[in-house]
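Only one structure is covered here, and it is reproduced in the block below.
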Amino acid sequence: AEGSRNNTARQLENALRIPQDKTALRKNFQNFTNTLLTKTNGATLDIDTAMFTNENFPLKNNFRAIIDQYYKVAVNQLDFKNSALAASSINKHVALVTRDRIKQLVIPP
Numbered sequence: 013a014e015g016s017r018n019n020t021a022r023q024l025e026n027a028l029r030i031p032q033d034k035t036a037l038r039k040n041f042q043n044f045t046n047t048l049l050t051k052t053n054g055a056t057l058d059i060d061t062a063m064f065t066n067e068n069f070p071l072k073n074n075f076r077a078i079i080d081q082y083y084k085v086a087v088n089q090l091d092f093k094n095s096a097l098a099a100s101s102i103n104k105h106v107a108l109v110t111r112d113r114i115k116q117l118v119i120p121p
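Counting in our numbering, the sequence shown runs without a single skipped number right up to 121 at its last residue.
Put into structure tokens, the structure is as follows:
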């Protein structure tokens, strides 16, 4: 529901049972993620969260700050008019964070 407003925000909050005051939810998500990332018995979990947006689509600074601080989302702005380059950029990112286990998530045109 982050980034949504008005009726869309209310619908998402209702469907997902998200309180209107998202402070506790954000902190709980942050704590949960930190717990997942804590190395236990020699096991390590890697998490990557990325958002790919059109380079001409402005994101509000407040939204960027929230998704960075609480959700660790990396924002990547791409030129989707050049769909082949956009697909390549997404696939390179996915290959990097999966250590080449997934090389193609998006099929270029």
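From the three backbone atoms N, C-alpha and C, an ideal C-beta is built for every residue, glycine too.
It should be emphasised that the depicted structure is a prediction, and the values quoted were computed from it without experimental measurement.
Check, Outcome
"For residue 83 and residue 41, believed in contact at Cβ under 8 Å, the rounded distance", "7 Å"
"Supposed contact pair residue 66 and residue 90 - C-beta distance, whole angstroms, cut 8 Å", "7 Å"
"Cutoff 8 Å; reference residue 121; Cβ partners in own chain excluding five residues on either side", "95, 96, 99"
"Per-residue DSSP class, three states only, for residue 37", "helix"
"Reference residue 103, options 62, 76, 69, closest by Cα", "62"
"Residues near residue 31 by beta carbon distance below 7 Å, same chain, minus five either side", "37"
"Runs of beta strand (DSSP E) lying entirely within the segment 72 to 104, each at least 3 residues, in chain order", "85 to 90"
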